[in-house]
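J.: Residue numbers (this note's numbering): 44 to 191. One structure coming up, written as structure tokens, with questions to follow.
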Ligand code: RB5
């Protein structure tokens, strides 16, 4: 798979670890950041989303301090299903049931070993389709339309 990965300053160390230890066999596009100088997580999320939406990446991994801001930022774009995960059961179900195409992790939450495990599980798990496809489809039409 082609994987776009990005982090802000709070996730830069975990990003380096994952790139070295959890993504072998995949083509990886690193959108940055590469130092501890502060950057704004919505800008990093946008760069990863752009690659996915342009068909230049199949999936994305985004890392900030908690994984929360990245999921909020990425999830605003059509076609992006971003899941913040702190353990592997949710990571697996985010693929099987939600067809998550972006995994968000917290560099200040997770140890390197657990993060590595979560990534491996998330990359390997398939989307189950069926009834879940109906539900995922409703995400794109805002589950029935705008709320006024
Ligand atoms: C940066 O200090 C921090 O707010 C950011 O990495 C992230 O955790 C936001 O959700």
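Glycine included, each C-beta is placed from N, C-alpha and C at the ideal position.
Got a sec: is the Cβ-Cβ distance from residue 113 to anything in chain B below 8 Å?
T.: The displayed structure is made up of one protein chain only, and chain B is not part of it.
J.: Counting only runs that start and end within the region 93 to 138, where is the alpha helix (DSSP H) found for 4 or more residues in a row?
T.: 111 to 117
J.: Let me make sure I understand the geometry here. Which of 48, 84, 87 has the alpha-carbon closest to that of residue 70?
T.: 48
J.: Going by C-alpha to C-alpha distance, which of 107, 116, 168, 128 sits closest to residue 75?
T.: 107
J.: Which same chain residues end up closer than 7 Å to residue 82 when comparing Cβ atoms and leaving out the 5 residues on each side of it in sequence?
T.: Cβ neighbours of residue 82 beyond the five flanking positions: 51, 52, 76.
J.: Should residue 128 be counted as a contact of the ligand RB5 given a C-beta to heavy atom distance under 7 Å?
T.: no
J.: Counting beta carbon pairs with one atom in the region 130 to 147 and one in the region 168 to 185, are three or more of them shorter than 8 Å?
T.: yes
J.: In its own chain, which residues sit with a C-beta less than 6 Å from the C-beta of residue 160, not counting the 5 before and 5 after it?
T.: Cβ neighbours of residue 160 beyond the five flanking positions: 131.
J.: How about residue 104 and residue 46: do their beta carbons lie closer than 8 Å?
T.: yes
J.: Does the beta-carbon distance from residue 125 to residue 114 come in below 8 Å?
T.: Cβ atoms of residue 125 and residue 114: closer than 8 Å.
J.: Thinking just about the alpha-carbon of each residue, which of 128, 87, 73, 175 is nearest to the one in residue 154?
T.: Closest by alpha carbon: 128.
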